[in-house]
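Chains as they are written, first to last, in the UniProt record's numbering: chain A, 1 to 154; chain B, 1 to 154. By construction, the Cβ of each residue, glycine as well, lies at the ideal position given by its N, Cα and C atoms. Inspection log for the structure reproduced underneath, given as structure tokens.
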DNA sequence: ACTGAAAGATAGTAGGC
DNA sequence: GCCTACTATCTTTCAGT
């Protein structure tokens, strides 16, 4: 079993990133391969970890997540212990959709989804700000989303 | 047709956000409803826009997107024309996965996915920096991803 | 609104090229 | 590695409650 990827695999990944509800039959037509071939390719792409998961993307406004905040966090120090503790605790908060350790002036960027500014404030005061070793938190809020993609162009 | 959502709908959304390859049969078992009911609920959730799309999430490192940058962009002015032009042009770049207009010191945050620092540099010099009306670009790079979720806890 | 069952479509498997 | 053909399973529809 080789670990290289060809144009058929790329085509499958390209299409499934945009719409994973496409059937093998539809893929086989678009990519000029038999259904069985498509089936086997998808099995391999999952097995080899190219496809991590298939998920439903929801309209966040419909489920009352109207406010997205990006919060840049600076910690007091950067010992293994402090970093691990912060990560462990902050990733437990359901409001935190994303926690990324970054280069630059701040240590982490958090993407935080809440119902509105009031619930963000509540999260900030009663959850985020209670964590140990935080020096600074700088928050920005999303005004509009001209582009938001999960699909990598490949 | 009512636009309210009940516990069965919530259960479906909760499960499909995590794994949209679940069959109606599996959902019907987990939620104690008939297959036909699940089927009808999902149809409605799509029709009403709760479920925007079903997508495959890829492992970006497997497809050679090893570097993620967050770039904060400040524009020269904030006329309708300048904002629209910037949005229109920056969203066309395939490297730009996300373009968010923000409150605060900067106007936009971009999430940029490239192969490595060299290809980021190429993008920056030959694409992003060529756009009109940019005052400042401040970029940070992802070191690690302690948490990265597409599923809202509901 | 929910259900069970029928009909049609798709996924998954196996054997041959 | 790709295909056709087969079987199991799933989706989709619909009459009945």
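Exercise for the section: Kindly indicate if chain A contains any beta-carbon less than 8 angstroms away from that of residue 89 of chain B. Expected result: no
Handout entry: Residue of A:5, A:24, A:120 minimising C-alpha distance to residue 70 of chain A
Key = A:120
Handout entry: Host alpha helix (DSSP H) of residue 136 of chain B (start-end)
Key = Residue 136 of chain B -> not in any alpha helix (DSSP H); beta strand (DSSP E) instead, spanning 134 to 148.
Problem - Cβ-Cβ distance between residue 98 of chain B and residue 149 of chain A below 8 angstroms - result: yes
Exercise for the section: For residue 89 of chain B, collect the residues of the same chain with a Cβ closer than 6 angstroms to its Cβ; drop the 5 residues on either side in sequence, then sort them by chain order. Expected result: 131
Practice task
Within its chain, find whatever has a CB closer than 6 angstroms to the CB of residue 18 of chain A; leave out the 5 residues flanking it on each side and keep chain order.
Solution key: 151
Practice task
Count the other C-beta atoms from every protein chain shown that fall within 10 angstroms of the C-beta of residue 102 of chain B, then say buried if there are 16 or more, exposed otherwise.
Solution key: Classification of residue 102 of chain B: buried, given that the 10 Å Cβ count is 16 or more.
Problem - is_contact[residue 101 of chain A, chain B] using C-beta, thresh 8 angstroms - result: yes
Problem - Within chain B, partners of residue 125 of chain A - CB distance below 8 angstroms - result: Simply none; closest approach about 19 angstroms.
Exercise for the section: Pull up the distance between the alpha-carbon of residue 118 of chain A and that of residue 32 of chain A, whole angstroms please. Expected result: 53 angstroms
Practice task
Compare the C-beta of residue 38 of chain B against all C-beta atoms of chain A and say whether one is closer than 8 angstroms.
Solution key: no
Exercise for the section: Please look up how many angstroms separate the CB atoms of residue 112 of chain A and residue 96 of chain A, rounded, as I've assumed it's under 8 angstroms. Expected result: 6 angstroms
Practice task
Identify each residue in the region 111 to 135 of chain A for which the Cβ-Cβ distance to at least one residue of chain B is less than 7 angstroms, and report them in chain order.
Solution key: Among the residues of the region 111 to 135 of chain A, those with a Cβ less than 7 angstroms away from any Cβ of chain B are 113, in the order of the chain.
Exercise for the section: Using three-state DSSP, classify residue 23 of chain B as helix, strand or coil. Expected result: coil
Practice task
Have a look at the DSSP bridge pairing and note the partners of residue 123 of chain A.
Solution key: Looking at the DSSP assignment, residue 123 of chain A forms no beta bridge with any residue, so it has no partner.
Exercise for the section: Just the chain B side, please: which residues come within less than 9 angstroms of residue 6 of chain A by C-beta, in chain order? Expected result: Near residue 6 of chain A there are no residues of chain B at all, since even the closest Cβ is about 13 angstroms away, more than 9 angstroms.
Exercise for the section: Inspect the beta-carbon positions of residue 65 of chain B and residue 127 of chain B and report whether they are closer than 8 angstroms. Expected result: no
Exercise for the section: Would you please state the rounded distance, in angstroms, between the beta carbons of residue 50 of chain B and residue 73 of chain B? I believe it to be under 8 angstroms. Expected result: Their Cβ separation, rounded to whole angstroms, is 32 angstroms, which puts residue 50 of chain B and residue 73 of chain B out of contact at 8 angstroms.
Handout entry: Cβ-based burial, residue 29 of chain A [other Cβ within 10 Å; buried from 16]
Key = exposed
Handout entry: Contact set for residue 135 of chain A: own chain, Cβ-Cβ below 8 angstroms, skip 5 residues either direction
Key = 74, 75, 76
Problem - Residues that DSSP places opposite residue 70 of chain A in a beta bridge - result: A:111, A:140
Problem - Bridge partner(s) assigned by DSSP for residue 98 of chain A - result: Residue 98 of chain A is bridged to A:111, B:148.
Problem - In DSSP terms, what residue 58 of chain B is bridged to - result: A:51
Practice task
Taking residue 9 of chain B as part of the alpha helix (DSSP H), name the residues at either end of that continuous run.
Solution key: Bounds of the alpha helix (DSSP H) holding residue 9 of chain B are 7 to 18.
Exercise for the section: Determine which residues share a DSSP beta bridge with residue 75 of chain A and list them. Expected result: A:134
Exercise for the section: Give the range of the alpha helix (DSSP H) segment to which residue 85 of chain B is assigned. Expected result: 80 to 90
Practice task
Determine the DSSP secondary structure at residue 1 of chain B, reduced to helix, strand or coil.
Solution key: Only weak support is given to the placement of residue 1 of chain B: the predicted model assigns it a pLDDT of 42, under 50, and the question is left unresolved by the model.
Practice task
Answer with yes or no whether the minimum CB distance from residue 73 of chain A to chain B is below 8 angstroms.
Solution key: No, residue 73 of chain A does not count as interfacial toward chain B.
Practice task
Taking C-beta pairs closer than 7 angstroms, name the residues in chain A that residue 143 of chain B reaches, listed in chain order.
Solution key: 101, 102, 103
Practice task
Check distances from the C-beta atoms of the region 41 to 55 of chain B to those of chain A and list, in chain order, the residues that come in under 7 angstroms.
Solution key: 49, 50, 51, 52, 53, 54, 55
Problem - residue 137 of chain A at chain B interface by Cβ criterion, 8 angstroms - result: no
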